[in-house]
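Quick note: our numbering has the sequence shown finishing at residue 563, numbered continuously throughout.
First up is the structure itself, then whatever we jot down about it.
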Amino acid sequence: MTTNKTDVIIVGAGVAGVAAGITLARAGKKVVIVERGSYAGAKNMFGGAIYDYPTRDLYPEFREQAPIERVNKTHKYMINDDNTSVTLSFNNEKSETSYTVIRAKWDKWCVERAVELGAYYSPMTVVRELIVKDGKVVGIKTDEEEFYADIVILADGANSLLAKQIGLRKNLKDCENAIGVKEVISLPKEVIEERFNLSPEGGCVTEIIGAPMKGITGLGFMYTNKNSVSIGLGVNLDELKKHKLTPNELLNKLKEHPSIAPLIKDGELLEYSAHLIPEGGFNAMPKLYGDGVMVVGDAGMLVNNVHWEGTNLAMMSGMLAAQTAIEALNKNDFSSKMLSLYEKKFKETSFYKDMRTYKDAVKIVHNNAYSFLWFYPQKINEFFEMFTESGYVPRRSLYKRFIKNFIKKRNIKGLIKDAINFARLFFGVLK
Ligand SMILES: Cc1cc2nc3c(=O)[nH]c(=O)nc-3n(C[C@H](O)[C@H](O)[C@H](O)COP(=O)(O)OP(=O)(O)OC[C@H]3O[C@@H](n4cnc5c(N)ncnc54)[C@H](O)[C@@H]3O)c2cc1C
């Protein structure tokens with residue numbers, strides 16, 4: 133064929149691609165990781181938390197050596213009205229399950245580990261198309277050259293043009309995608325620890341429901357880093373169009389919320405970024421393999437939107453695709469049948485089972501966004517406003533007024549509908 137031939141080519145040095153790369157390099161296979169960014173992580177953004185599992189399986193030394201920002205010991209759920217909020221806080225000092233990282237540092241560290249183990253890494257290289265011969269993927273074309281491999285792993289992220297080229301993915305539908313926007317705001321370490329009530333290593337993840345999204349399908353988030361706070365939101369693309377809103381308008385409003393503004397006060401904006409989130413989940417998952425090719429991570433729509441999880445699915449899918457590639461190389465069989473083992477293995481994981489559990493959750497919330505994401509957040513806030521008030525009006529009268537107002541706004545029919553949808557969500561998840 134040509135001298136430009138290797139065992140496996142991986143397109144994309146995000147979490148999925150590098151997970152595949154390091155697994156192959158560890159097994160002594162010849163692997164090339166191709167990345168369009170000037171360095172791994174340059175093009176990537178997320179909230180973001182990475183999870184102990186399966187990170188530890190891939191990088192056993194990560195806890196001591198990797199650029200981790202903070203250990204997420206506090207999880208907060210903030211339910212916002214326009215000017216008030218109700219926050220549920222969970223603190224766990226006894227175990228470590230997730231960590232905040234900055235992708236520009238984390239992805240770079242991971243790819244360096246793969247290179248140490250023997251992977252060949254080519255940044256600043258855009259893959260324009262796949263080379264397909266007799267229906268089988270045999271290589272990649274960049275602007276300058278053609279490279280060949282027995283197997284190509286597509287880890288090129290949410291808008292995988294390459295998976296589309298070979299018909300494994302269709303064009304993106306707005307309803308199946310959200311846009312995430314994020315600002316990183318610099319603050320002194322001690323200020324972050326004081327404002328978020330954290331120990332020197334501890335971190336806080338905050339999920340935000342309600343204002344300023346006000347019934348638009350979307351959630352806000354805040355993550356504490358060592359010397360900065362990441363604040364952002366993810367909103368469904370269809371909804372933005374429908375409401376003629378831009379994500380940065382919403383983000384500005386989020387930052388001005390009276391419960392959030394003091395947390396980031398006097399901070400300096402370091403970075404603004406935006407990225408697609410494949411929201412389709414289980415129902416939009418494409419076939420993950422073909423002759424000579426496997427699709428991993430966001431390219432395969434492998435995201436759990438209810439929990440904002442993607443990196444763990446990306447790592448697991450990358451690792452399983454690589455393990456399948458190792459078996460395929462040992463047997464010299466790169467057929468679709470052989471590579472289908474990867475999808476089979478992925479379907480046995482807890483991550484896939486979680487995707488299945490939540491398969492209708494996003495749709496149910498989306499179809500009931502006004503009530504779930506605005507009416508009830510408002511009412512929860514109104515309830516606590518009333519409950520904490522001490523005035524001339526007796527409490528019994530306040531409660532009666534609250535219930536009357538509640539029923540007037542959402543009438544009995546609406547409340548029954550909400551109860552049914554909530555039960556569908558609840559029992560759907562338990563099924
Ligand atoms: C706002 C937001 C918040 C999130 N928060 C979290 C969170 O807190 N926790 C979590 O687990 N997940 C989170 N996610 C999801 C998570 O970021 C993704 O699921 C994960 O990054 C997917 O990894 P990946 O390797 O598949 O794709 P990516 O990380 O997107 O990597 C794809 C790589 O491919 C490269 N590439 C693309 N096309 C080409 C090409 N043609 N040639 C060469 N290179 C190419 C890109 O430059 C990139 O480096 C969040 C996502 C968003 C948008």
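Backbone N, C-alpha and C fix where the C-beta goes; we use that ideal spot for every residue, glycine too.
Note that the structure is a prediction, hence the values are computed from the model and not measured.
Closer than 6 Å to some heavy atom of ligand 1: that describes the Cβ of V147. Boundaries cannot be given for P390, as no beta strand (DSSP E) includes it and DSSP labels it neither H nor E.
I409 sits in a strand when the DSSP states are folded into three classes. The three-state reading of DSSP puts K205 in strand, counting E and B together. Assignment of K385 by DSSP, reduced to helix, strand and coil, places it in the helix class. V435 has its alpha-carbon roughly 12 Å from the corresponding atom of M448.
Comparing alpha carbon positions, the residue from N444, Y490, N462, P344 closest to V150 is N444.
Counting only runs of 4+ residues, the alpha helix (DSSP H) found wholly inside the segment 474 to 557 occupies 482 to 489, 493 to 499, 508 to 520, 527 to 542, in chain order. With a cut-off of 6 Å, the C-beta of T443 is classified as near ligand 1, since at least one heavy atom of the ligand falls inside that distance. For the options I341, L471, E400, R301, the alpha carbon positioned closest to that of M417 is the one of R301. Sequence-distant Cβ neighbours of K162 in its own chain, meaning closer than 6 Å and more than five residues away, are T138, D139. Relative to ligand 1, E459 has its C-beta separated by 6 Å or more from all heavy atoms.
Within the same chain, Cβ atoms closer than 7 Å to the Cβ of N224 are found at K205, the five residues on either side in sequence being excluded. Here DSSP, grouped into helix, strand and coil, assigns G149 to helix. With distances taken between CA atoms, L408 lies nearest to G312 out of N464, L294, G312, G173.
The three-state secondary structure of S227, taken from DSSP, is coil. With three or more CB-CB distances shorter than 8 Å, the segment 528 to 541 counts as touching the segment 507 to 515. Look at F353 here: in three-state DSSP terms it is strand.
Excluding the 5 residues flanking it on each side, D550 has same chain C-beta neighbours closer than 6 Å at S503, in chain order. Spanning the alpha carbons of R202 and A174 requires a straight line of approximately 21 Å. DSSP, reduced to helix, strand and coil, places Y185 within a helical segment of the structure shown. With a cutoff of 7 Å on beta-carbon distance, N368 and A310 are scored as near each other.
Shortest gap from the CB of A236 to any heavy atom of ligand 1: 6 Å or more. Where F279 is concerned, the enclosing beta strand (DSSP E) starts and stops at 278 to 286.
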